[in-house]
Every structure is written in structure tokens, then in C-alpha cells.
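Numbering (the UniProt record's numbering), first residue to last: 1 to 522. Beta carbons are placed, not taken as given, at the ideal position from N, Cα and C, and that holds for glycine. Everything numeric in this text was worked out from a predicted model, so none of it was measured.
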């Protein structure tokens, strides 16, 4: 293949199962007038990935064929001259089928995915180990952050089991599709309904989180949405191994091939972001740079967050041991997570009563404290073992993603709220206090997707919320906010059932009919 040409797809069939391969060429320049995409794939690198659903080939629209005939066409689609547009079109066609599958068919697909991943465990973890080896070398050379390496490790205690459990948890949730949320009788024989339905096609672009494929695939299948996934190069081996297992599992189900697709080359990102005709929602999961690039380079709605600057206000009436336990958990249970604590706001009257115990507990976990002058002076008076350095203004706008915590003194709750609303990222913030009145005031006035009282910020998670898993966390104020589970992947449509009704007969004048607008029970 010559440099700069489009990807070539090659198709064949083995035992009646369609197999597709993509040979990815070197770097292709992004469209004019767009910013360069974040570096994600070495230039000139080619990759051959055999799978039935890794990269989906083109498909023509089907207008009047039955659902089963359309499904057969998708399963045996043409595999020539594919492009990001063809991939998006295939996903759109698959989404129309997936949205109409019965609950049992979608649940059977999730059961098959769980079984397939379980059977492929050794191969997947071996692939992840190869990714980790390369990532650790890159981190040692300063080319990769330690927080990214931490997110990459699928062998971390509990991570594999949580991934598999999430699939079954999603399967066992109530079906979100076709739920009636409103009924109104407009007139006799004229009824209005509002019914939940899938968004359509999701484009998920993420970095170094191999478990995301299983999380998003399970949520997408259950909610009736098709998904195109793009992962970072640091975990390519893991992504390919997981996708192969999921692909093989879905071949035995009614879910169409184009429903879950994995893209592994960076140079298609600008073109995928241009597919607003077919892709309905973009969900980025990764660095601030990645999220801001995506928001600046697409017309497609974007659901997500750029930063996870979570703050906690330590009020002077908080129980000392409870405060230490919650703060330590929020900061150290997984420092690389977006729901990890980054800023501790300490009420001035708590500097000598509560902060020293908290600082000692953090010191035991090797946390560095970046303190303002008042908090630093208070801690130095106690001759603690904590590592204390002078904070600079930018520390209060930083997502450290490691064992570093910014500490700032505030006079009262009002100043704490003002700081959070000015410097926070609208992700998750908490208050530690024994006062219910102050807690409710804090939770009402802080502008964030999650606001907690006497609880760790690490509870901001779809699994912990009972959503089964999540596609990410949103700080948006439109459509969905916080951990995004099944409900966040649904939209609704209005249905009217009539008997030849026309609008011309309704109005306020003489001889005109009036609407009933009667609420009907669900």
C-alpha cells in the first residue's frame, strides 16, 4: 500500500462466518481548518487486525426490507473501499436493528459477552501484560505518566472481576427501552405518549482503560445503542484481545455485526468527528487535552468532563476520626481516578483541632501536602512527619492524579463554596461536618454533578451508584450528569395515536374544539 492512501478492507468467510481485516496505512493529514489530534499512534505504523467486528465495512441503506433481511445484509456486507463514513453508516444501520431487539435478545448477548471474556481471560491478561511492559518502559523514560500506567493495569486487584461483574449487573437491570414516562389524552381517541428510546450511535474515544470496551459494549447493547470505540495506543494489545472475545461472543447472538466496532488508528479521529449525520453522541474518556480537542473539532454533541478537580470542605464540627478516614480514602484509594480528592479546604477554626490528625493519616500514605501559609504554619507547630511544601496558585486548579493534595484555609462555608465554584471542575465535591443545616446548604449551593455529605468523593462511580457500570462521568448540564449509565444513554420520542384527527378543528373561536389535556396514569 502506498503512503497516504485510504485503508483497504479485505473480506472472506470461514465456516459461514464473515471475517474482515483492515490494513492501516501511515499518517493521513487531518482535514483542513482543524487542530491536530492528540498524538496516539506512531507515524507510518501499520496494523493487521482480523475480526468480524473490529472495523466495520460499508453498507448500503435498506429502505423497505424486513428486519431479518436487513440483518443478513449487514452480516454479509461489502468489504471494499471502506471509510470512516462507511463505518458510521454501518453503525447507524446496526443501531436501527439493535433498538428493536427484544429485551431477552439483548440480555442473551450480555450473557454471551460475559462467557466469552471469562474464557479468554488468560489471553487478555497476557496481552495486557505486554502493554504494561511497554508502558512502564515509556514511563521510566518520561514519555508516559504514572497515572496512565496505573489506569492501564487490568490485573490490578479486583479490576478484572469488577469488569465481568459489571456486565452481569447491567444485564440484570430493568430494560430502559420503551418505557412510557408520560401519557396525556389530548382529546377523545387522541392520546399522546412519551417513550424512552436509544440515542442511536455512540462514538467513545478513550485512553489506556482496557476495561472500557467491556463497560461500554454492555451498556450499549442493553440500551439498544450502537457504539464505535477508539482506544489509546498504550493499550492496543489489550483492546484487540478484549474485542476479539466480544466479537466472537456476539456472533452467536442476534446483535448485528456493526453494533460494536473498534477503531485502532488515530488518523481517522478527525473524519469520525465529522460524521454528525450518522453519529449521535461523542463520549471522550481521557486527558484534558483529548477532551478539549474533541469539543473543539466536532459538531456532534459531546458528553463528558475535561478535569476531575474534586474538593472537600473540612468544617470544624466534623468528627476527627471520620474526617481522617474519608479524606484518606478520597485521596489514596485510587489517586489516578477522576473522582480522587485534589483540594482540601479547611475551615480556619479546624486548623489546630482537625487538620493535624488528617495530615498524619495522609502522611502514612505518603501524600505530599501543598499548603497555603496558614495551614502550613498550623501543621509545622505540631512537628508532624507529613511532607509539606508551599502551595502556588495553580495548585488549586490542578488535577494531580497522584499522591499530592492542595490544602487551603477558608474562613467559613461561604468562602469554601465560592472557591469550589470558581476553581472546581463541577465533578464531585464534599463537606465533612456534623451540621445537617450546613451540609444541606453546601449541597444546594455547590455547582457540581455530585455533592456529598460525610462521604468519600470516590463514590462517584456508576457501579457504586447501582448503574452496573458507566460509559463515563459527565459534568454537562444538558441531557445527563454525573456517572452515566443506562438512563444517560436514552432519549425519548413522542407517540400520538388518533383516529383521523386534524388540527384545524381545534382553537378558541366559535365552533372550535378544545383539547382535553387530561393526564393518564402510567
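Quick one: what's residue i bridged to in DSSP?
| i | result |
| --- | --- |
| residue 312 | 344, 430 |
| residue 196 | 492 |
| residue 518 | 185 |
| residue 203 | 228, 282 |
| residue 191 | 185, 497 |
| residue 484 | 472 |
| residue 261 | 228 |
| residue 178 | None; residue 178 has no bridge partner. |
| residue 388 | 369 |
| residue 450 | 428 |
If we call anything under 9 angstroms between Cβ atoms a contact, is residue i one with residue j?
| i | j | result |
| --- | --- | --- |
| residue 262 | residue 240 | yes |
| residue 515 | residue 486 | no |
| residue 434 | residue 317 | yes |
| residue 130 | residue 494 | no |
| residue 455 | residue 430 | yes |
| residue 242 | residue 208 | no |
| residue 271 | residue 393 | no |
| residue 196 | residue 492 | yes |
| residue 307 | residue 425 | yes |
| residue 488 | residue 471 | yes |
| residue 447 | residue 476 | no |
| residue 154 | residue 238 | yes |
| residue 190 | residue 501 | yes |
| residue 403 | residue 375 | no |
| residue 94 | residue 277 | no |
| residue 268 | residue 230 | yes |
| residue 372 | residue 407 | yes |
| residue 305 | residue 124 | no |
| residue 457 | residue 310 | yes |
I need the DSSP call for residue i, collapsed to helix, strand or coil.
| i | result |
| --- | --- |
| residue 495 | strand |
| residue 490 | strand |
| residue 512 | coil |
| residue 307 | coil |
| residue 400 | coil |
| residue 456 | coil |
| residue 408 | strand |
| residue 113 | helix |
| residue 230 | strand |
| residue 505 | helix |
| residue 124 | helix |
| residue 300 | coil |
| residue 414 | helix |
| residue 35 | Confidence at residue 35 is low in this model, with a pLDDT of 49, below 50, so its placement is unreliable and the value that follows should be read with caution. Residue 35: coil per DSSP, three-state reduction. |
| residue 27 | Reliability fails at residue 27, whose pLDDT of 36 lies under 50, so the model's placement of it is uncertain and no value is given. |
| residue 103 | helix |
| residue 19 | Caution is warranted here: a pLDDT of 35 is assigned to residue 19, below 50, making its placement in the model unreliable, and the coordinate value is therefore given only provisionally. Three-state result, residue 19: strand. |
| residue 376 | helix |
| residue 479 | coil |
| residue 352 | coil |
| residue 381 | coil |
| residue 156 | coil |
| residue 293 | helix |
| residue 208 | coil |
| residue 317 | coil |
| residue 143 | coil |
| residue 336 | coil |
| residue 130 | helix |
How is the beta strand (DSSP E) around residue i delimited, first residue to last?
| i | result |
| --- | --- |
| residue 368 | 368-371 |
| residue 393 | Run containing residue 393: none; DSSP gives neither H nor E here. |
Over the uninterrupted alpha helix (DSSP H) stretch that includes residue i, give me the two end residues.
| i | result |
| --- | --- |
| residue 442 | 436-445 |
| residue 159 | 159-171 |
| residue 222 | 212-223 |
| residue 242 | 236-250 |
| residue 97 | 84-98 |
| residue 272 | 269-273 |
| residue 327 | 320-332 |
| residue 255 | That residue, residue 255, is in no alpha helix (DSSP H); it is neither H nor E in DSSP. |
| residue 356 | 355-363 |
| residue 150 | 146-152 |
At a cut-off of 8 angstroms, would you count residue i as near the ligand SAM, judging by its Cβ distance to the nearest heavy atom?
| i | result |
| --- | --- |
| residue 85 | Looking for the ligand SAM in the displayed structure turns up nothing, as the structure carries no ligands at all. |
Self-check item: Any 3 or more C-beta pairs closer than 8 angstroms across the stretch 218-236 and the stretch 96-109
Solution: In this structure the stretch 218-236 touches the stretch 96-109; the number of beta carbon pairs closer than 8 angstroms is three or more.
Quiz item: With contact counted as at least three CB pairs below 8 angstroms, one residue from each stretch, are the stretch 242-260 and the stretch 129-148 in contact?
Solution: No: fewer than three Cβ pairs fall under 8 angstroms.
Quiz item: Within the chosen definition, does the stretch 293-311 reach the stretch 274-284 through at least 3 CB pairs nearer than 8 angstroms?
Solution: Inter-segment contact for the stretch 293-311 and the stretch 274-284 is present: three or more beta-carbon pairs are separated by less than 8 angstroms.
Exercise. Mind the definition here: the stretch 354-370 touches the stretch 385-401 only if three or more C-beta pairs lie below 8 angstroms; say whether that holds.
Key: Contact holds: three or more Cβ-Cβ distances are below 8 angstroms.
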